[in-house]
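In this note's numbering, the protein residues as written are 8 to 174. Note that the Cβ used here is the ideal one computed from N, Cα and C, for glycine as well. Have a look at the structure below, then the notes.
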């Protein structure tokens with residue numbers, strides 16, 4: 008989207024859904040038996056976190072709340088923490104994202120772009136990891152970001168067939 012409107016504003020709105028990274032971060036805290044962190048989009052790239060914690064015997068919710076609120080991973084988002092008896096009853100691996108950009112293409116203003124998806128978070132994450140592994144073996148040895156690898160290398164198949172099919 009930024010390539011098509013180089014000047015402008017972009018917003019990434021995650022959710023609603025389970026944040027795998029935030030969930031894992033809370034699960035690692037002392038006193039937490041299990042956890043679930045849900046990302047709720049507020050809009051304009053702002054998010055709210057709803058964190059559900061199942062405590063280990065003897066753990067205090069106030070201590071867990073303090074750890075979560077002090078964690079840099081949570082500091083920039085409004086975060087609400089709830090004690091629950093069981094995470095299993097709340098478990099939902101669905102997630103979503105809405106990317107929005109308003110900008111200018113050349114001299115033409117008011118270009119608006121939206122891209123949205125609703126997914127099973129672990130399944131899609133695994134698929135992206137497989138595609139990245141496929142692409143990485145086609146590169147010279149070294150370290151790469153996703154953007155540095157040719158797009159075609161992520162796909163399974165022969166380049167000429169892929170181009171005929173995708174273009």
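Between residue i and the rest of its own chain, which residues show a CB-CB distance below 7 Å, the 5 nearest in sequence each way excluded?
i: residue 74; result: 36
i: residue 40; result: 61, 62 and 63
i: residue 19; result: 52, 104 and 106
i: residue 145; result: 160
Among the options, whose alpha-carbon lies nearest the alpha-carbon of residue i?
i: residue 13; options: 157, 162, 119 and 173; result: 119
i: residue 154; options: 139, 147 and 40; result: 139
i: residue 28; options: 81, 38, 123 and 70; result: 81
i: residue 23; options: 99, 115, 66 and 70; result: 99
i: residue 136; options: 161, 147, 146 and 145; result: 161
Could you check where the alpha helix (DSSP H) with residue i kicks off and where it finishes?
i: residue 168; result: 166-173
i: residue 40; result: Premise fails: residue 40 lies in the beta strand (DSSP E), 39-50, not in any alpha helix (DSSP H).
i: residue 34; result: 27-34
i: residue 71; result: 68-77
i: residue 136; result: 128-143
With a cut-off of 8 Å on the beta carbons, I'd call residue i and residue j a contact; round off their distance for me.
i: residue 25; j: residue 128; result: 6 Å
i: residue 49; j: residue 42; result: The pair is not a contact, with the Cβ atoms about 22 Å apart (cut-off 8 Å).
i: residue 156; j: residue 142; result: 5 Å
i: residue 11; j: residue 112; result: 6 Å
For residue i, which residues in the same chain have their Cβ closer than 6 Å to its Cβ, ignoring the five residues on either side in sequence?
i: residue 121; result: 107
i: residue 131; result: none
i: residue 117; result: none
i: residue 125; result: 103
Residues in its own chain within less than 8 Å of residue i by CB, not counting five upstream and five downstream?
i: residue 159; result: 166, 169 and 170
i: residue 30; result: 42, 43 and 44
i: residue 89; result: 57, 58, 59 and 60
i: residue 151; result: 143
Would a C-beta distance cut-off of 8 Å place residue i and residue j closer than the cut-off?
i: residue 56; j: residue 84; result: yes
i: residue 21; j: residue 91; result: no
i: residue 102; j: residue 58; result: no
i: residue 109; j: residue 173; result: no
i: residue 38; j: residue 69; result: no
Just to confirm the assignment, what range does the beta strand (DSSP E) spanning residue i have?
i: residue 16; result: 14-21
i: residue 113; result: Segment: none, residue 113 is in no beta strand (DSSP E) and carries neither H nor E.
i: residue 86; result: 85-90
i: residue 58; result: 53-62
Nearer than 7 Å: is that true of the beta carbon of residue i relative to any heavy atom of the ligand FMN?
i: residue 103; result: Ligands in the displayed structure: none, and consequently the ligand FMN is not present.
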